[in-house]
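Visitor:
Numbering (my numbering), first residue to last: 369 to 648.
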């Protein structure tokens, strides 16, 4: 919902916010986008529990003592004190996006952004300004759910603009493979594909496959199969009352025959034979 706030006789602030979900159960969620042009010498100070990215459209100011101007952005992280002061002659004009979630630190690191309050010179500031203004002023929403989805898709587009070829390449490769492995470990019970994983880490499947094999010594497909089979073995050992078909499905194998074939290749026994041996 778009809200307009009269901060004084000549200063209006525009903010579009949506109902906040449970922070503790959210990977990434956008709460608000907004715009304002402030008065000279305006001062704002706070300590908030969210992340905020501001993109400077025009003017100047200071953020925690660091100077910023048109073309810069500044990042505010949770539970750190923030102080923003507008220039006395050329006060700043900004748009912003407020968000939170457990995935944010990983995304900041992937984009080469520090996890602290800071000012960042940013060549693609205008692109982010346009995207935020579109969501704020131009887009028409048919319902609240569409508004929520549109704002949450925006943050991924924003982060994509911050991806930089200057980020430490070796570290990026390591992080990329680890992120992919973590995604597999969290989703192996589902029918995931290499493309699903590549979409998650924001890289092409072919590039991800090369980096993953360098890190783990096996392909993504083999890593996934090994994890599923290891989990199936563990479940057969621990849960004597579960059927083979149930274990197959819970480990991400939708075809019981394929599961049985892969399991036997790994252990020398079919799942049924393995289960019977455990009971005996």
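Virtual Cβ for every residue (Gly too), placed ideally from N, Cα, C.
1. Rounding to the nearest angstrom, what Cα-Cα distance links residue 598 and residue 556 in this structure?
2. Quick check on DSSP: helix, strand or coil for residue 637?
3. Could you name each continuous alpha helix (DSSP H) segment of 4 residues or more that falls completely within the region 551–605, going from the start of the chain to the end?
4. Taking the alpha-carbon of residue 546 as reference, which of 402, 467, 645, 568 has the nearest alpha-carbon?
5. CB residue 604 to CB residue 615, shorter than 8 Å?
6. Please list, in chain order, all residues of the same chain as residue 573 whose beta carbon is under 7 Å from its beta carbon, the five residues on each side excluded.
7. Check for me: the beta strand (DSSP E) holding residue 418 runs from which residue to which?
8. Helix, strand or coil for residue 462? Go by DSSP, reduced to three states.
9. Just to confirm before moving on: does the CB-CB distance between residue 459 and residue 433 stay below 8 Å?
10. Helix, strand or coil for residue 489? Go by DSSP, reduced to three states.
11. Within its chain, find whatever has a CB closer than 7 Å to the CB of residue 623; leave out the 5 residues flanking it on each side and keep chain order.
12. Counting along the chain, where does the alpha helix (DSSP H) carrying residue 448 start and finish?
13. Rounding to the nearest angstrom, what Cα-Cα distance links residue 387 and residue 419 in this structure?
14. For residue 381, list the residues DSSP reports as bridge partners.
15. Going straight from the alpha carbon of residue 461 to that of residue 406, what length do you get?
16. Since residue 571 contacts residue 600 with CB under 8 Å, what's their CB separation in whole angstroms?
17. Measuring CB atoms only, is the region 481–488 touching the region 439–458, in the sense that at least three cross pairs come out at less than 8 Å?
18. Mind checking who residue 424 pairs with in its DSSP beta bridge?
19. For residue 455, which of helix, strand or coil comes out of DSSP?
20. Would you kindly work out how many angstroms separate the C-alpha atoms of residue 539 and residue 475, rounded to a whole number?
21. Does the Cβ of residue 645 have 16 or more other Cβ atoms within 10 Å, making it buried, or fewer, making it exposed?
22. Output the boundary residues of the beta strand (DSSP E) element that contains residue 435.
Guide: Reading it off the structure:
1. The residue you call residue 598 lines up with position 230 of the chain shown. The residue you call residue 556 lines up with position 188 of the chain shown. So the alpha carbons of these two residues sit roughly 11 Å apart.
2. Looking up residue 637 in the chain shown gives position 269. DSSP, read as helix, strand or coil, puts residue 637 in coil.
3. If one requires a minimum length of 4 residues, the alpha helix (DSSP H) runs lying completely within the region 551–605 are 562–569, 573–584, in chain order.
4. Along the chain shown, read from residue 1 onward, the residue named residue 546 stands at position 178. Of all alpha-carbon atoms in 402, 467, 645, 568, the one lying nearest the alpha-carbon of residue 546 is that of 568.
5. Working through the chain shown from its first residue, we reach residue 604 at position 236. Working through the chain shown from its first residue, we reach residue 615 at position 247. Yes, the pair counts as a contact, with Cβ atoms nearer than the cut-off.
6. Locating residue 573 in the chain shown gives position 205, where the first residue counts as 1. Result list for residue 573: 562, 563, 566, in chain order.
7. In the chain shown, counting from the first residue as 1, residue 418 sits at position 50. Element bounds for residue 418: n/a, residue is neither H nor E.
8. As a working note, residue 462 is residue 94 in the chain shown. In the structure shown, residue 462 sits in a strand (DSSP, three-state: E or B).
9. Here residue 459 is taken as the residue at index 91 of the chain shown, counted from 1. Here residue 433 is taken as the residue at index 65 of the chain shown, counted from 1. One thing to note: residue 459 has its Cβ no nearer than 8 Å to the Cβ of residue 433.
10. Position 121 of the chain shown, counting from 1, holds the residue named residue 489. If DSSP states are grouped into helix, strand and coil, residue 489 belongs with the strands.
11. Locating residue 623 in the chain shown gives position 255, counting from the first residue. Excluding positions up to five away in sequence, the list is empty.
12. Indexing the chain shown from 1 puts residue 448 at position 80. Bounds of any alpha helix (DSSP H) do not take in residue 448, whose DSSP letter is neither H nor E.
13. Taking the chain shown and counting its residues from 1, one reaches residue 387 at position 19. Taking the chain shown and counting its residues from 1, one reaches residue 419 at position 51. The alpha-carbon of residue 387 is positioned some 16 Å away from that of residue 419.
14. In the chain shown, counting from the first residue as 1, residue 381 sits at position 13. DSSP output for residue 381 lists 373, 404 as bridge partner(s).
15. For the purposes of this step, residue 461 is taken as the residue at position 93 of the chain shown. For the purposes of this step, residue 406 is taken as the residue at position 38 of the chain shown. CA-to-CA, the gap between residue 461 and residue 406 works out to about 6 Å.
16. The residue you call residue 571 lines up with position 203 of the chain shown. The residue you call residue 600 lines up with position 232 of the chain shown. Actually they do not touch by this definition, with Cβ atoms about 30 Å apart.
17. Yes, since at least three Cβ pairs between the region 481–488 and the region 439–458 fall closer than 8 Å, the two stretches touch.
18. Counting from one through the chain shown, the residue named residue 424 turns up at place 56. In the DSSP assignment, residue 424 is bridged to 462.
19. Against the chain shown, residue 455 aligns to sequence position 87. Coil, per DSSP.
20. Start at 1 with the first residue of the chain shown, and residue 539 comes out as number 171. Start at 1 with the first residue of the chain shown, and residue 475 comes out as number 107. Low confidence applies to residue 539: its pLDDT is 49, below 50, so where it sits in the model is not reliable enough to give any reading.
21. Walking along the chain shown from the start, residue 645 turns up at place 277. Exposed, since its Cβ has fewer than 16 Cβ neighbours within 10 Å.
22. Locating residue 435 in the chain shown gives position 67, counting from the first residue. Element bounds for residue 435: 434–437.
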